[in-house]
Structures are given as C-alpha cells and as structure tokens.
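Peer 1: Residue numbers (my numbering): 6 to 342.
Let me begin by handing over the structure; questions about it come next.
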Amino acid sequence: MRTILVTGGAGFIGSNFVRMVLAEHTDCVVVNLDKLTYAGNLENLGDVMDDPNHRFVKGDICDAGLVEKVIDDNKVDAIVNFAAESHVDRSLVEPGIFIDTNVTGTLTLLKIALERKLERFVQISTDEVYGSLGVEGMFIEETPISPNSPYSASKAAADHLVSAFGHTWDLRYNITRCSNNYGEYQFPEKMIPLMINNALNDKELPVYGDGLYVRDWLYVYDHCTAIWKVLTEAQPGEIYNVGGNNEKTNLEVIGVILERLGKDKSLIRHVADRPGHDRRYAIDSGKIMSRLGWSPSVTFETGMVKTIDWYLASGKWLDNIVSGEYQKYYESMYSDR
Ligand code: NAD
Ligand code: TYD
C-alpha cells in the first residue's frame with residue numbers, strides 16, 4: 006500500500022491520521038482530498054503541508070470527475086474515507102447536507118473504488134450507528150444497527166452501502182466504528198474543546214440535560230493507529246469497533262477540564278437537552294485487540310492533560326476559529342437554550 010487517498014484530511018481525526026502516517030510510515034504517500042467546510046482547516050496540517058509525501062487537493066467527494074482524476078493522477082491504491090458532516094447538533098438543524106456528503110459522497114467514492122479495483126476502501130464510521138445503550142452492555146460488531154439522529158442515520162446508510170458493495174461486487178472494504186474521539190485539533194463545537202474554550206474565557210459551560218450522559222472517550226492518536234492496522238492488516242469485509250475503554254459522564258469530563266484549568270464548577274449551567282439524546286455509548290474493542298493486536302496507548306488522564314495543554318498552547322489556532330463564523334453558530338445553538 007504505497008499511495009492512500011485520505012478524504013477529510015483537514016478535519017480533526019483526518020489531520021491527525023495524515024500526520025501520523027507521514028511521521029511513522031515514511032514509504033507511504035498521502036493524497037488528501039478535503040472540501041474545507043467550516044470544519045476543514047489547513048492550519049490543522051501546518052507542519053505537514055510541505056512534506057514531499059503529502060499532496061493536498063481542495064475538493065468535494067461528491068465530485069466524481071475530480072475524485073477519478075485525483076485517483077488516476079496519483080495512482081492511488083486505497084481510500085480511507087473520513088470526509089463527513091460530523092456534528093449531531095448540526096444534523097438536527099440541517100440534515101440534508103449530512104445525506105449529501107455522508108451518503109452520496111460515500112457512494113461516489115465506492116463506485117470509483119470499484120471501477121479502479123482499489124486494494125482497499127476503509128470507511129471511518131461511528132459507534133453511534135448502533136443507537137443508545139441502557140446502564141449495562143457494550144456494542145459489539147454484531148449489535149444491530151439502530152441510529153437515532155440524522156447524523157448517525159446518514160453514517161449507518163453509508164455503512165450499509167459499503168458492505169453492499171462488498172457483498173455484491175467483492176469490493177475490498179473495512180469499516181471501523183469508533184467511540185468519541187478527543188485530542189489536538191478538534192473543532193470547538195464538540196463537547197470537550199467547547200468546554201475548554203468556554204472555561205478559558207470564563208464563559209458558562211452549557212451542559213445538556215442532567216449531564217449524566219455517558220460516552221467512551223478515545224484519544225485521537227490511538228484511533229489513528231487502529232485505522233492503520235485495519236488498513237494494512239485486516240482481512241477485507243471485516244468490521245472493527247475501536248474504543249478507549251473510558252466510560253465517563255459528561256459532568257465527569259467537565260470536572261477534569263475545570264480542575265486542570267483551575268476554574269470553578271459554578272461555570273456549569275444545565276441547559277435544555279438535545280432532542281433524541283443518546284444516553285450511553287460503550288464499545289467492546291475485543292475483536293481489534295485480539296485479531297490485530299491493537300490497544301490504546303494513552304490513558305484518559307494522560308490524554309486529557311495532553312489535550313487541555315495543547316489548547317492552552319494553541320491560542321492562535323483557537324482564536325482564528327472562534328473569531329469568525331463560529332460566533333454565529335454559537336449564538337444560534339446556545340442563546341435561547
Ligand atoms: P470533522 O468534522 O472534524 O472533519 C470532517 C472533514 O471532512 C473536514 O475537514 C471537512 O472539510 C471535510 N469534508 C466535509 N464534507 C466534505 C466533502 N463533501 N468532500 C470532502 N471533504 C469534506 O470530523 P472528524 O471529527 O474528524 O470525523 C472524521 C470522521 O470520523 C467522520 O466520518 C466522522 O463521522 C467519524 N467519527 C468521528 C468521531 C469523533 O468523535 N469526532 C467519532 C466517531 C466517528
Ligand atoms: P458531542 O461532542 O457533540 O459528541 P456526540 O454527541 O457525537 O457524542 O457531545 C458529547 C456529549 O456532550 C453528548 O452527550 C452531548 C453533550 N454536550 C453537552 O452537554 N453540551 C454541549 O455543548 C455539547 C456540544 C455536547
């Protein structure tokens with residue numbers, strides 16, 4: 006596998022993956038196709054933009070002609086598809102764009118991957134396709150798909166298309182379903198960076214509902230090493246769950262942020278809940294651990310310190326985001342909550 010097309014490589018997880026591949030797999034060329042939506046940011050790639058093994062192309066995965074040209078010009082061997090609309094709250098306001106990119110965009114890539122007989126198509130999916138858990142149990146790869154938000158429904162539709170292409174035409178695919186990622190370069194619409202940014206500015210921390218919703222937190226670098234293992238070592242047609250084994254309530258996570266930043270719990274404000282809010286996610290990563298020998302390398306405590314300290318040291322990166330369109334987004338989501 007010499008040349009991989011990474012889609013969405015200017016986003017949070019994609020940029021961390023590009024950086025990891027270029028640093029640790031130096032015989033690999035990464036072609037990075039990203040539309041640069043509000044979530045795509047070339048500053049996420051600052052240190053690797055000049056790497057001779059990295060080629061950035063601005064464009065849309067729904068643009069079949071462009072995707073074909075990028076694949077042919079660069080002799081791409083495999084696709085890792087991160088490109089997506091990725092935020093649940095936005096999907097409640099504007100579900101259509103989630104269908105365009107997450108479903109139609111994935112379909113566009115699948116058709117071309119099949120025509121070009123690519124070695125592998127890895128779809129980066131989410132544990133949210135499984136729906137919500139009660140107080141007990143964990144998602145395994147055989148858990149029935151039961152998405153609850155327009156975001157997770159669009160990701161589930163894409164997963165079904167990927168496996169249908171494998172079943173019908175022998176497309177060599179894998180799907181990874183990970184839990185909530187956290188770490189460097191995450192856009193501050195997601196819970197952890199939003200709370201860090203607000204706390205840094207002594208703004209209220211908007212906790213949805215009772216704050217006792219549970220997520221399993223996965224440090225982004227560990228997610229990237231899991232994807233690499235799947236891309237290079239998995240049998241085609243296999244689905245892998247990837248989790249951090251760090252189940253926390255939202256209030257517990259916020260407590261860690263407040264403590265590290267030396268801020269007071271009085272900043273917490275309980276606000277109106279997210280409609281249809283999934284109560285709990287928990288992932289059983291036993292399959293990827295036993296079959297591919299992957300395990301997370303960073304504990305939640307260490308990962309949170311690294312993440313919070315990175316945001317503290319990245320004021321310019323954060324300012325460039327929060328000083329623009331983000332203000333309008335924040336107002337529209339939180340002012341009446
Ligand atoms: P992100 O929103 O930070 O980045 C998405 C990237 O995709 C952006 O750079 C954006 O410009 C690009 N993009 C969007 N539409 C595009 C299009 N039509 N064509 C080309 N590029 C386009 O997302 P993320 O958090 O990095 O998530 C990456 C993937 O991982 C997504 O598929 C998401 O569903 C999945 N995922 C994320 C998490 C998480 O915790 N962040 C958890 C599970 C799964
Ligand atoms: P988020 O980061 O949006 O990820 P997801 O919904 O995909 O799991 O949210 C993580 C949790 O934090 C989720 O239970 C919703 C909650 N949350 C808040 O309480 N306040 C907020 O402002 C945000 C963005 C999320």
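A virtual CB, placed ideally from N, CA and C, is assigned to each residue, including glycine.
Note that the structure is a prediction, hence the values are computed from the model and not measured.
So is the beta-carbon of Gly-242 under 7 Å away from any non-hydrogen atom of the ligand NAD?
Peer 2: Your numbering for residue 242 matches position 237 in the sequence shown. It does not: the Cβ of Gly-242 is nowhere closer than 7 Å to a heavy atom of the ligand NAD.
Peer 1: Is Gly-41 close to the ligand NAD? I mean its beta-carbon at under 7 Å from any heavy atom of the ligand.
Peer 2: As a first step, residue 41 is located in the sequence shown; it is residue number 36 there, counting from the start. Sequence check: residue 41 is Leu here, not Gly. Yes, the beta carbon of Leu-41 sits closer than 7 Å to at least one heavy atom of the ligand NAD.
Peer 1: Does the Cβ of Trp-299 have 16 or more other Cβ atoms within 10 Å, making it buried, or fewer, making it exposed?
Peer 2: On the sequence shown, residue 299 is found 294 positions in, with the first residue counted as 1. Counting Cβ neighbours within 10 Å, Trp-299 comes out buried, since at least 16 surround it.
Peer 1: Under the three-state reduction of DSSP, which class applies to Ile-244: helix, strand or coil?
Peer 2: In the sequence shown, residue 244 corresponds to position 239, counting from 1. In this structure, Ile-244 counts as strand in the three-state DSSP scheme.
Peer 1: Could you tell me which residues DSSP puts in a beta bridge with Asn-185?
Peer 2: Here residue 185 corresponds to residue number 180 of the sequence shown, with the count starting at 1. DSSP lists Trp-222 as partners of Asn-185.
Peer 1: I'd like to confirm the pairing. Which residues does DSSP put opposite Tyr-190 in its beta bridges?
Peer 2: Walking along the sequence shown from the start, residue 190 turns up at place 185. Answer is none; Tyr-190 lacks a bridge partner.
Peer 1: Can you have a look at Pro-241 and say buried or exposed, based on whether 16 or more other CB atoms are within 10 angstroms of its CB?
Peer 2: By 1-based counting over the sequence shown, the position of residue 241 is 236. Exposed, since its Cβ has fewer than 16 Cβ neighbours within 10 Å.
Peer 1: Just how far apart, CA to CA, sit Thr-131 and Ser-271?
Peer 2: Taking the first residue of the sequence shown as position 1, residue 131 is located at position 126. Taking the first residue of the sequence shown as position 1, residue 271 is located at position 266. When rounded, the distance between both Cα atoms is 33 Å.
Peer 1: With C-beta atoms as the reference, is Val-167 less than 8 Å away from Thr-111?
Peer 2: Here residue 167 is taken as the residue at index 162 of the sequence shown, counted from 1. Here residue 111 is taken as the residue at index 106 of the sequence shown, counted from 1. For Val-167 and Thr-111, yes; Cβs fall inside 8 Å.
Peer 1: What three-state label does DSSP hand Leu-210 in the structure shown?
Peer 2: Here residue 210 refers to the residue found at position 205 of the sequence shown. It is a strand residue.
Peer 1: Using a threshold of 7 Å, is the CB atom of Ala-287 nearer than that to any non-hydrogen atom of the ligand NAD?
Peer 2: Reading the sequence shown from its first residue, position 282 is the one you call residue 287. No.
Peer 1: Give me the residue from Ile-84, Phe-170, Gly-171 and Ile-150 with the minimum Cα distance to Ile-129.
Peer 2: As a working note, residue 129 is residue 124 in the sequence shown. If we check each option's Cα against that of Ile-129, Ile-84 comes out closest.
Peer 1: Rounding to the nearest angstrom, what Cα-Cα distance links Phe-17 and Asn-49 in this structure?
Peer 2: By one-based count along the sequence shown, residue 17 stands at place 12. By one-based count along the sequence shown, residue 49 stands at place 44. Phe-17 and Asn-49: Cα-Cα distance of roughly 8 Å.
Peer 1: From Thr-312, Leu-10, Val-26 and Asp-55, pick the residue whose C-alpha is nearest to that of Arg-199; which is it?
Peer 2: As a working mapping, residue 199 is identified with position 194 in the sequence shown. Residue 199 is actually Leu in this sequence, not Arg. It is Thr-312.
Peer 1: Going by DSSP, name the residue or residues bridged to Tyr-178.
Peer 2: For this step, residue 178 is matched to residue 173 along the sequence shown. Partner(s): Phe-126.
Peer 1: How long is the line joining the alpha carbons of Gly-248 and Val-93, rounded to whole angstroms?
Peer 2: The residue labelled residue 248 in the question sits at position 243 within the sequence shown. The residue labelled residue 93 in the question sits at position 88 within the sequence shown. Approximately 19 Å, taken between the alpha carbons.
Peer 1: DSSP state of Asn-86, grouped into three classes?
Peer 2: One-based indexing of the sequence shown puts residue 86 at position 81. The answer is strand: DSSP assigns Asn-86 an E or B state.
Peer 1: Decide if the stretch 265 to 279 is in contact with the stretch 200 to 213; the criterion is three or more beta carbon pairs, one per stretch, under 8 Å apart.
Peer 2: Cβ pair count under 8 Å is three or more, so yes.
Peer 1: Out of Asn-179, Glu-73 and Asn-107, point me to the one whose CA is closest to Glu-124's CA.
Peer 2: Position 119 of the sequence shown, counting from 1, holds the residue named residue 124. The residue with the shortest Cα to Cα distance from Glu-124 is Asn-179.
Peer 1: What's the C-alpha gap between Tyr-334 and Trp-174?
Peer 2: Indexing the sequence shown from 1 puts residue 334 at position 329. Indexing the sequence shown from 1 puts residue 174 at position 169. Going from the Cα of Tyr-334 to the Cα of Trp-174 covers about 42 Å.
Peer 1: Could you check if Glu-194 belongs to the surroundings of the ligand TYD, using beta carbon to heavy atom distance under 7 Å?
Peer 2: Sequence index remark: in the sequence shown, residue 194 carries index 189 (1-based). Yes.
Peer 1: Hey, is Pro-100 close to the ligand TYD, as in C-beta under 7 Å from one of its heavy atoms?
Peer 2: To locate residue 100, count along the sequence shown from 1; it is residue 95. Checking the Cβ of Pro-100 against the ligand TYD gives no.
Peer 1: So the alpha helix (DSSP H) Val-261 belongs to, where does it begin and stop?
Peer 2: To locate residue 261, count along the sequence shown from 1; it is residue 256. Its alpha helix (DSSP H) spans residues 255 to 266.
Peer 1: Take every Cβ of the stretch 31 to 45, pair it with every Cβ of the stretch 72 to 91, and state whether three or more of those distances are shorter than 8 Å.
Peer 2: The stretch 31 to 45, when compared against the stretch 72 to 91, does touch it at the 8 Å Cβ threshold.
Peer 1: Around the Cβ of Ile-317, are there at least 16 other Cβ atoms within 10 angstroms (buried) or fewer (exposed)?
Peer 2: Counting from 1 along the sequence shown, the entry for residue 317 is found at position 312. The sequence shown places Leu at residue 317, rather than the Ile named in the question. By the neighbour-count rule (16 or more Cβ atoms within 10 Å), Leu-317 is not buried but exposed.
Peer 1: Could you check if Thr-304 is buried or exposed, using at least 16 other CB atoms within 10 Å of its CB as the buried criterion?
Peer 2: On the sequence shown, residue 304 is found 299 positions in, with the first residue counted as 1. By the neighbour-count rule (16 or more Cβ atoms within 10 Å), Thr-304 is not buried but exposed.
Peer 1: In the stretch 89 to 161, which residue ranges form an unbroken beta strand (DSSP E) of at least 3 residues, counting only runs that do not cross its ends?
Peer 2: Runs of the beta strand (DSSP E) inside the stretch 89 to 161: 125 to 131.
Peer 1: Mind the definition here: the stretch 207 to 227 touches the stretch 149 to 167 only if three or more C-beta pairs lie below 8 Å; say whether that holds.
Peer 2: In short, these stretches do not touch, since the Cβ pair count stays below three.
Peer 1: Examine the ligand TYD and report whether any of its heavy atoms sits within less than 7 Å of the Cβ of Asn-202.
Peer 2: One-based indexing of the sequence shown puts residue 202 at position 197. No.
Peer 1: Just curious, the beta strand (DSSP E) that Asp-341 is in, first and last residue?
Peer 2: Here residue 341 is taken as the residue at index 336 of the sequence shown, counted from 1. No beta strand (DSSP E) holds Asp-341; DSSP gives it neither H nor E.
Peer 1: Heavy atom of the ligand TYD less than 7 Å from the Cβ of Tyr-331, yes or no?
Peer 2: Numbered from 1 along the sequence shown, position 326 holds the residue referred to as residue 331. Checking the Cβ of Tyr-331 against the ligand TYD gives no.
Peer 1: What's the C-alpha gap between Ile-104 and Pro-280?
Peer 2: Taking the sequence shown and counting its residues from 1, one reaches residue 104 at position 99. Taking the sequence shown and counting its residues from 1, one reaches residue 280 at position 275. Looking at the two C-alpha atoms, the distance is approximately 19 Å.
Peer 1: Just to confirm before moving on: does the CB-CB distance between Val-75 and Val-62 stay below 8 Å?
Peer 2: Indexing the sequence shown from 1 puts residue 75 at position 70. Indexing the sequence shown from 1 puts residue 62 at position 57. Yes, these two residues count as a Cβ contact at 8 Å.
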